[in-house]
Structures are given as C-alpha cells and as structure tokens.
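Just so you know, the sequence shown maps onto residues 202 to 460 in this note's numbering.
Glycine included, C-beta positions come from ideal geometry on N, C-alpha and C.
Nothing here was measured: the structure is a model prediction, and the numbers come from that model.
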Amino acid sequence: MRAGTELQRGKMTATRHGPPGEGCGAGDGGALAPPVQKCVHCHAQGRCVLESLSAQSRAALKFHLRESAVEDGGMIFQQDEPVHRLHVVKSGAILVCHRMAESPSLPIGLFGPGTALGKLALFAEHAHVFSAVSVGSSRICSVSTQVLRTQPQMQREITQALGDSHLQFQREMAHWSIIARITNLEDQLAQALQQLARIQGSCQVQLPPHKVLAALLGTTRESVARSLARMRARQELEKVGRQQVRLGARLQPPLAVAE
C-alpha cells in the first residue's frame with residue numbers, strides 16, 4: 202500500500218546573526234534565541250556552500266544570515282510558495298515532499314546537514330517545486346536570495362559552490378528514487394539504511410520515525426517494524442539507542458562518497 206504523510210506545520214525559532222530589524226523569512230515572528238554555535242563548529246562543516254565564500258563575502262554575509270530551530274514536523278517551506286531565501290541544513294534531517302495535481306503530498310527523499318535548498322532563486326524568481334519538513338528537531342541557516350543577487354562578488358562565489366551542491370542533491374535524489382522501486386521491503390530497508398549512513402557519515406544511524414520510513418518506502422509502519430526486527434535477529438543491525446542502529450558488516454557502505 203502506498204502510504205502518504207501527515208506531517209504538520211511546526212514552529213521555527215529564528216536566531217539573528219546580524220543587527221535587528223530584518224525579516225527572518227520562514228518562521229518570522231518566532232522568539233529570538235541566544236547566539237548558537239559558530240560556523241567553525243557547525244555540523245555541516247565541509248559540506249556547506251557558505252564555507253566557499255571569501256573572507257570579505259563572509260564578513261558581509263553575517264549581517265544577513267539567519268539560523269532557525271525547527272521542531273519535529275515543522276514546515277520549512279511549502280511547494281508553490283515563492284522562493285525568497287537560500288536554506289542550508291545545519292543539523293538534523295529534512296524530508297522533501299512533492300504533490301502532483303490533486304494528489305496528496307508524498308515524500309521523495311530524506312536529506313541531511315549541508316543540503317542547500319532554494320538554489321535556483323539565485324538566478325531567477327521562481328516557486329518551490331517541493332515542500333521541506335523537519336524530521337525530528339533541526340537547525341536551518343538561511344539568507345535572502347535578493348541579498349545574494351544584489352552583491353555580485355558574493356553571488357559569483359556562491360554560484361560556483363552551488364554546482365557541486367546541486368550535483369550531490371541530484372545524486373541523493375536519484376538514490377531515493379531507485380530505492381522506492383525495489384519490490385522487496387527488506388532489500389528496500391537495507392538500501393535506505395545505507396543511504397542514511399552515507400548522509401550521516403556514520404554506520405551508527407539515527408533512524409527517522411517508522412511512519413517516515415514507511416511513507417518513503419510505500420508501506421506501513423508495522424511492516425517497517427517487523428522487517429527491522431528480522432534484520433536485527435539476523436545480526437544485520439544492532440540497536441544502540443531508542444532510534445539508533447549500528448549497521449552490521451554486510452550492510453556497511455563506503456562513507457567517503459554518497460554514491
């Protein structure tokens with residue numbers, strides 16, 4: 202059975218990295234949080250497109266950069282909404298969903314730290330072609346695309362970095378598309394867990410809720426739970442926390458490249 206998703210709009214709390222008085226995009230009106238980790242301590246370090254900027258551009262960007270805490274199920278943006286900000290996942294996981302015509306919105310992929318969303322708005326105004334929902338709590342950094350478009354040096358630098366970022370996003374989306382076409386559920390789960398290990402950079406995988414896995418794989422949460430139990434019984438998985446498993450030797454993928 203093809204499962205849908207009913208993730209509801211949650212809250213985003215914005216942290217201002219610059220002076221007050223400028224809108225925060227998604228999550229406007231949330232209470233301000235105290236300063237959070239700087240970029241040098243970021244979970245997305247080494248994968249964030251903003252790291253590629255020169256010292257001069259980074260100095261200018263700090264007055265426009267916003268960081269938002271997103272609750273589980275929080276909507277970062279919705280399909281067909283105008284794109285106003287470039288979003289980069291700092292920590293946590295983001296579920297990308299798409300809706301066709303009158304059909305319900307269905308998940309098409311799960312993405313982690315370093316993922317950049319809203320990239321095409323740097324070149325022309327357009328609407329989001331999918332929705333992005335937080336799975337568990339997450340943190341999102343964002344910057345106005347208008348700011349980037351009106352500062353030629355910054356736009357030039359970040360455009361170069363976005364090429365690699367977009368290629369990685371397309372590669373991961375293709376992986377999820379292939380996983381969705383696997384007919385055997387346990388084979389699907391094995392491939393999904395390997396994909397999560399690559400995204401998270403560790404063979405100790407933080408699992409999304411069973412309802413999210415079920416929606417991604419087109420099955421039920423009960424079927425996911427039974428299949429995971431059978432995989433643990435065969436020692437292909439080891440449960441190490443409430444929502445964490447360690448992949449056995451047979452399932453461990455190379456972690457250097459997400460391919």
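Distance from the CA atom of residue 452 to the CA atom of residue 303, rounded to whole angstroms, is 38 Å. For residue 354 against residue 258, the beta-carbon gap comes to about 6 Å, under 8 Å, which counts as contact. Out of 314, 283, 320, 323, the CA that lies nearest to the CA of residue 340 is found in 314. Under the three-state reduction of DSSP, residue 383 is assigned to coil, being neither helix nor strand. If you draw a 10 Å sphere on the C-beta of residue 378, you find fewer than 16 other C-beta atoms in it, and that means exposed. Counting along the chain, the unbroken beta strand (DSSP E) around residue 440 starts and ends at 438–442.
Put simply, the stretch 325–344 does not touch the stretch 374–394. Fewer than three CB pairs are less than 8 Å apart. One alpha carbon belongs to residue 266, the other to residue 346, and they sit about 11 Å apart. Following the DSSP letters along the chain, one finds residue 407 in no alpha helix (DSSP H) but inside the beta strand (DSSP E) bounded by residues 405–407. By alpha-carbon distance to residue 270, the top candidate from 264, 322, 343 is 343. Sixteen is the threshold: since fewer than 16 other Cβ atoms of the shown chains lie within 10 Å of the Cβ of residue 439, the residue is exposed. Listed in chain order, the non-local C-beta contacts of residue 282 below 8 Å within the same chain comprise 328, 329, local neighbours out to five positions each way being set aside. It is roughly 18 Å from the alpha-carbon of residue 398 to the alpha-carbon of residue 335. Bridge partners of residue 294 according to DSSP: 336.
Listed in chain order, the non-local C-beta contacts of residue 361 below 6 Å within the same chain number zero, local neighbours out to five positions each way being set aside. Residue 303 carries a coil assignment under DSSP once its states are collapsed to helix, strand and coil. Taking 9 Å as the cut-off, the beta carbon of residue 409 is found no closer than this to the beta carbon of residue 318. One thing to note: residue 373 has its Cβ within 9 Å of the Cβ of residue 312.
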